[in-house]
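Just below is one structure, and these are the notes that go with it.
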Amino acid sequence: ADIANHAEFSDHYQVDWHLTREDSYGTGAGARFRIKAPLSRFAWADMTFAEIQPPYRIIERGRGGKYNRIRMLGTYTLSPAPGGTTKVQYTLETLPVMLSDRLMEAVGGRAWTRRKAAKAMRRLRTILEENRGRGRRASVAGRD
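This note's numbering applies: residue 1088 is where the sequence shown begins, and numbers increase by one.
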């Protein structure tokens, strides 16, 4: 699993990617990025691969929001599908600490994130199946 590839299919709502270390592959690889959410004043977040179980699961942990106080847990689950294909399912759990964070999530943040993540999964499918629609890979300190 290479976290630098995530920018390629999620750059429609996660921008300004910077890797947190030179090696973008495997457990411990991480990235920091800005989330283009409406009404978001504290848009920076980071994710790090916490656990990789090839070829079935990738678990990423991170934080975002004001003072990075919102914990996040993302899970990519891969399972066999008909016709020799693979089904990829992504789930994102957040743990907002403050009442203000919970309100922002309830007012529209959760639905907005769900829509953007679904689009990212469609873009990933297009990249893998048709080799098109590829965005830019993330690099160290955002350099090419």
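Where a beta carbon is used, it is the ideal one built from N, C-alpha and C, also for glycine. Predicted model, so just to flag it, every value in this text is computed and none were measured.
- The straight-line gap separating the alpha-carbon atoms of G1196 and L1126 is approximately 9 Å.
- Inter-residue distance for T1200 and Y1177 is about 12 Å (C-alpha atoms, whole angstroms).
- Excluding its 5 nearest sequence neighbours in each direction, V1227 has C-beta neighbours in its own chain below 6 Å: L1106, E1109, listed in chain order.
- Excluding sequence positions up to five before and after I1214, its CB lies within less than 7 Å of the CB of E1095, F1096, G1220, R1221, all in the same chain and listed in chain order.
- An exposed status is given to P1142, since fewer than 16 other beta-carbon atoms sit within 10 Å of its beta-carbon.
- T1114 has its alpha-carbon roughly 8 Å from the corresponding atom of T1135.
- Judged by DSSP secondary structure, I1122 falls within the beta strand (DSSP E) whose first and last residues are 1117–1122.
- Assigned with DSSP and collapsed to three states, A1168 falls in strand.
- Note on geometry: alpha-carbon atoms of R1158 and P1169 lie some 35 Å from one another.
- Under the three-state reduction of DSSP output, V1194 falls in the helix class.
- Taking the C-beta atoms as reference points, D1089 is found no nearer than 8 Å to R1223.
- With fewer than 16 other Cβ atoms inside 10 Å of its own Cβ, A1193 counts as exposed.
- Across the structure, H1093 and M1185 are spaced so that their CA atoms are roughly 29 Å apart.
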